[in-house]
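Engineer:
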Amino acid sequence: MANLITGIDVSKYQFDIDWTKIQQPITPFDPPAIVFAYIKATEGVGYIDPNAQSNATGAKGAGLKIGYYHFATLNNAANPVADAQSEAQAFLVAMAKLPAHDLPPVLDIEKNVSNLTKQQVLDWIHSFYSELEKNGVNKYIIYSYKYFLDPYLPANHGLGNIPLWLANYSKVTAPPLPIGWNSYAIWQYRSDGQFTGKSGKPVPCDVNKGNDGFWL
1 MANLITGIDV
11 SKYQFDIDWT
21 KIQQPITPFD
31 PPAIVFAYIK
41 ATEGVGYIDP
51 NAQSNATGAK
61 GAGLKIGYYH
71 FATLNNAANP
81 VADAQSEAQA
91 FLVAMAKLPA
101 HDLPPVLDIE
111 KNVSNLTKQQ
121 VLDWIHSFYS
131 ELEKNGVNKY
141 IIYSYKYFLD
151 PYLPANHGLG
161 NIPLWLANYS
171 KVTAPPLPIG
181 WNSYAIWQYR
191 SDGQFTGKSG
201 KPVPCDVNKG
211 NDGFWL
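In our numbering, the protein residues as written are 1 to 216.
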């Protein structure tokens with residue numbers, strides 16, 4: 001039986017977080033202990049989060065299991081497949097230079113700036129994960145919102161076997177699932193978590209809960 005656990009996700013915006021005080025959050029959580037941290041590594045092609053290294057080192061030093069995520073841009077309508085492959089390669093290169101991860105890599109897909117068709121978005125996702133698989137990454141997660149996945153994917157997309165990290169900040173017992181999934185692996189249930197910063201000021205942070213079944 002999997003255990004319910006709590007985790008956070010961070011990027012350059014949490015540069016000031018005091019990882020030595022991560023287990024004394026200003027905002028109470030349930031479960032209270034922070035077990036894992038997902039860290040932004042890349043966005044598009046050519047952008048590496050400037051605090052990926054320090055956040056990963058700090059989280060590891062605090063005893064947390066860590067993982068990395070890539071923010072997809074979907075900004076090449078002329079060749080979405082090549083675009084996805086390039087972004088996946090950029091993600092792989094960046095992860096190889098960061099502290100070893102314990103959690104499956106994540107594709108964060110929540111914007112369609114080129115207004116790709118539903119089939120193009122699906123092809124983009126398949127191409128991204130195929131590139132990961134070619135490089136030995138066979139376990140991964142998709143992060144998104146119901147209001148992105150439902151309108152931008154075909155109803156019969158067939159991605160439901162990929163573990164879902166679902167963002168939904170509603171005050172509900174369980175979030176409504178996007179079409180094609182019957183469960184979530186992680187639920188990002190609030191965006192207003194607060195932790196102590198090195199300066200002593202509160203640092204806002206997303207908070208997640210899920211189960212320990214998604215470890216690598």
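Just so it is clear, CB atoms sit at the ideal spot from N, CA and C, and this is done for glycine as well.
#1: Please state whether DSSP places Gly158 in a helix, a strand or coil.
#2: Taking its Cβ as the centre, do 16 or more other Cβ atoms sit within 10 Å of Asp9, making it buried, or is it exposed?
#3: List the DSSP bridge partners of Leu107.
#4: Please list, in chain order, all residues of the same chain as Leu122 whose beta carbon is under 7 Å from its beta carbon, the five residues on each side excluded.
#5: Return helix, strand or coil for Lys171, following the three-state DSSP convention.
#6: Going by C-alpha to C-alpha distance, which of Ala94, Leu98, Phe195, Ser114 sits closest to Pro25?
#7: Run the CB neighbour count on Tyr69, radius 10 Å, all protein chains shown included, and call it buried at 16 or more, exposed below.
#8: If you draw a straight line from the alpha carbon of Ile17 to that of Trp181, how long is it in whole angstroms?
#9: Thinking Ile5 and Gly210 are a contact (beta carbons under 8 Å), I'd like their distance in whole angstroms, please.
#10: Exposed or buried, what is Asp30 when buried is set at 16 or more other beta-carbons lying within 10 Å of its beta-carbon?
#11: Does the beta carbon of Phe91 fall short of 7 Å from some heavy atom of the ligand SAM?
#12: Indicate whether Phe56 and Lys40 have their beta-carbon atoms separated by less than 8 Å.
#13: Under 8 Å by Cβ, that's how I've got Pro105 and Gly67 pegged, so tell me the actual separation to the nearest angstrom.
#14: Decide if Asn79 is buried, meaning its Cβ has at least 16 other Cβ atoms within 10 Å, or exposed.
#15: With Trp165 and Ile186 assumed to form a contact (beta carbons below 8 Å), what rounded beta-carbon distance in angstroms separates them?
#16: My assumption, with CB atoms under 8 Å, is that Ile48 sits in contact with Ala94. Please give the rounded CB distance.
#17: Which whole-angstrom value is the C-beta distance of Ala37 and Gly7, which I expect to be below 8 Å?
#18: From Tyr13 to Gly200, what does the alpha carbon distance come to, in whole angstroms?
#19: How is the alpha helix (DSSP H) around Tyr184 delimited, first residue to last?
#20: Apply the 10 Å Cβ neighbour rule to Met1 and answer buried if 16 or more other Cβ atoms are within range, or exposed otherwise.
#21: My output table needs one value for Ser191: the three-state DSSP class, helix, strand or coil.
Structural biologist: Once the coordinates are examined:
#1: coil
#2: Asp9 is buried by the Cβ-count criterion.
#3: His70, Ile142
#4: Result list for Leu122: Leu153, Pro154, His157, in chain order.
#5: coil
#6: Closest option to Pro25, Cα to Cα, is Phe195.
#7: buried
#8: For the pair Ile17 and Trp181, the Cα-to-Cα distance works out to about 34 Å.
#9: 6 Å
#10: exposed
#11: Only the bare structure without any ligand can be found here, which leaves the ligand SAM out of the picture.
#12: According to the sequence as given, residue 56 is Ala; it is not Phe. The answer is no: Cβ separation not under 8 Å.
#13: 7 Å
#14: Classification for Asn79: exposed.
#15: 4 Å
#16: 5 Å
#17: 6 Å
#18: 16 Å
#19: Segment: none, Tyr184 is in no alpha helix (DSSP H) and carries neither H nor E.
#20: In this prediction, Met1 scores a pLDDT of 45, lower than 50, which makes its location untrustworthy; the coordinate-derived value is nonetheless stated afterwards. Exposed, by the Cβ-count rule.
#21: Reduced to three states, the DSSP call for Ser191 is strand.
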